[in-house]
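*Asks:*
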Amino acid sequence: MVLLGLTGSGRSSCGNTILGRSAFWTDVSPVSVTSRCQRSGGVVDGRSLRVIDTPGFFHTCLSPDDVRAELNRCVELSAPGPQVFLLVLRAGRVTRESIAALDWISAAFGPQALSYTVVLITCGDALGAKPAADFLKESEELWEFVCSCAGGYHVFDNTKGFEERSQVTELLKKIDLLMERNAGAHYTADMLLQADTAVRNMQQRILGDDHEEDEEGKKGAERLFWYELLTSMGRGAVDASGVMEKGKGKGKKVKAVQRVAAIASTPLSITTAAKVVGGAVREGTKVLYKHKKTLLR
1 MVLLGLTGSG
11 RSSCGNTILG
21 RSAFWTDVSP
31 VSVTSRCQRS
41 GGVVDGRSLR
51 VIDTPGFFHT
61 CLSPDDVRAE
71 LNRCVELSAP
81 GPQVFLLVLR
91 AGRVTRESIA
101 ALDWISAAFG
111 PQALSYTVVL
121 ITCGDALGAK
131 PAADFLKESE
141 ELWEFVCSCA
151 GGYHVFDNTK
161 GFEERSQVTE
171 LLKKIDLLME
181 RNAGAHYTAD
191 MLLQADTAVR
201 NMQQRILGDD
211 HEEDEEGKKG
221 AERLFWYELL
231 TSMGRGAVDA
241 SGVMEKGKGK
251 GKKVKAVQRV
261 AAIASTPLSI
271 TTAAKVVGGA
281 VREGTKVLYK
291 HKKTLLR
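UniProt numbering numbers the first residue of the sequence shown as 1 and each following residue consecutively.
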């Protein structure tokens, strides 16, 4: 199984809870603690498990090449491929970054990955008496995404300690049902390659001369613009590229969009930045959406 999620979502802690020991390093930090994929394993409830911990989405340090390499590596470490992705989300306020993470897994791993995905909600104690389904339904986008995941969702409380195994046992039952539904199939390196190719083709299409107004193309372009702007804001690339500057002329704007597209596949952390520049993200998205035809011609 492969653990995916935002920086600070509790991926490593979930891995430790599942294995019943401190297999992965955890720390309270504003930056991504896990910078490379790590594999550990053990016998849990009488079965042999391999758990892969991955760098957080929108990582604070990794370059685009590093990100692609780690995506490949997480699949290689679980050869012949993962049978389940655990997408870790922290219970609490649903942020722009957490919604972007939902799009990111589909963009980075392809829509086929959802057939192997279980949404794992951490900090379950924060929900109190509120049912997990009620929490998820508070965000239409989040609930829609969870419903698209073949494995549904599960709630973890990592504060209960390694001795509390019932939540792990229930998770493994859901994973067993998912594997049965998939007839024991694995997510493969070929699927990852297809996803990477699809993203690159969309980038080329947006920046190229093909401006056909088919509905599927428009939806894909809008989705990619939003994804690109969020990842760019993670490193302040919007400010550096001049997307938000006014009165600089069409040439400057085209160059800015090209810079944004060039780093579209760079997952970076904007947890802190989003609080300060949330308005800039929102307005920048409107600008790119409203003027994308003009800017890209």
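Idealized CB from N, CA, C, for every residue including glycine.
Taking the alpha carbon of P55 as the point to measure from, which residue in Q194, R36 and T159 has its own alpha carbon closest?
*Replies:* R36
*Asks:* How many angstroms separate the CA atom of I99 from the CA atom of V119?
*Replies:* 13 Å
*Asks:* Assign D53 to one of three DSSP states: helix, strand, or coil.
*Replies:* strand
*Asks:* Just to confirm my understanding: we take G15, look at its own chain, exclude 5 residues before and 5 after, and list those with CB closer than 8 Å. What are they?
*Replies:* L3, A23, F24, S40, V51 and D53
*Asks:* Give the DSSP-derived three-state secondary structure of Q38 in the structure shown.
*Replies:* strand
*Asks:* Excluding the 5 residues flanking V168 on each side, which residues of the same chain have their C-beta closer than 6 Å to its C-beta?
*Replies:* I18
*Asks:* Could you give the residue range of the alpha helix (DSSP H) that holds T159?
*Replies:* That residue, T159, is in no alpha helix (DSSP H); it is neither H nor E in DSSP.
*Asks:* If I measure Cβ to Cβ from Q112 and keep anything under 6 Å in the same chain, skipping five residues before and after, which residues do I get?
*Replies:* M191
*Asks:* Can you tell me whether DSSP reads L62 as helix, strand or coil?
*Replies:* coil
*Asks:* Going by the beta-carbon positions, is the gap between F156 and G124 smaller than 7 Å?
*Replies:* yes
*Asks:* Look at the alpha carbon of R21 and the alpha carbon of G110, and state the distance between them as a whole number of angstroms.
*Replies:* 32 Å
*Asks:* By Cβ distance, which residues of its chain are closer than 6 Å to E141, with the 5 residues on each side in sequence left out?
*Replies:* Hits under 6 Å: I99.
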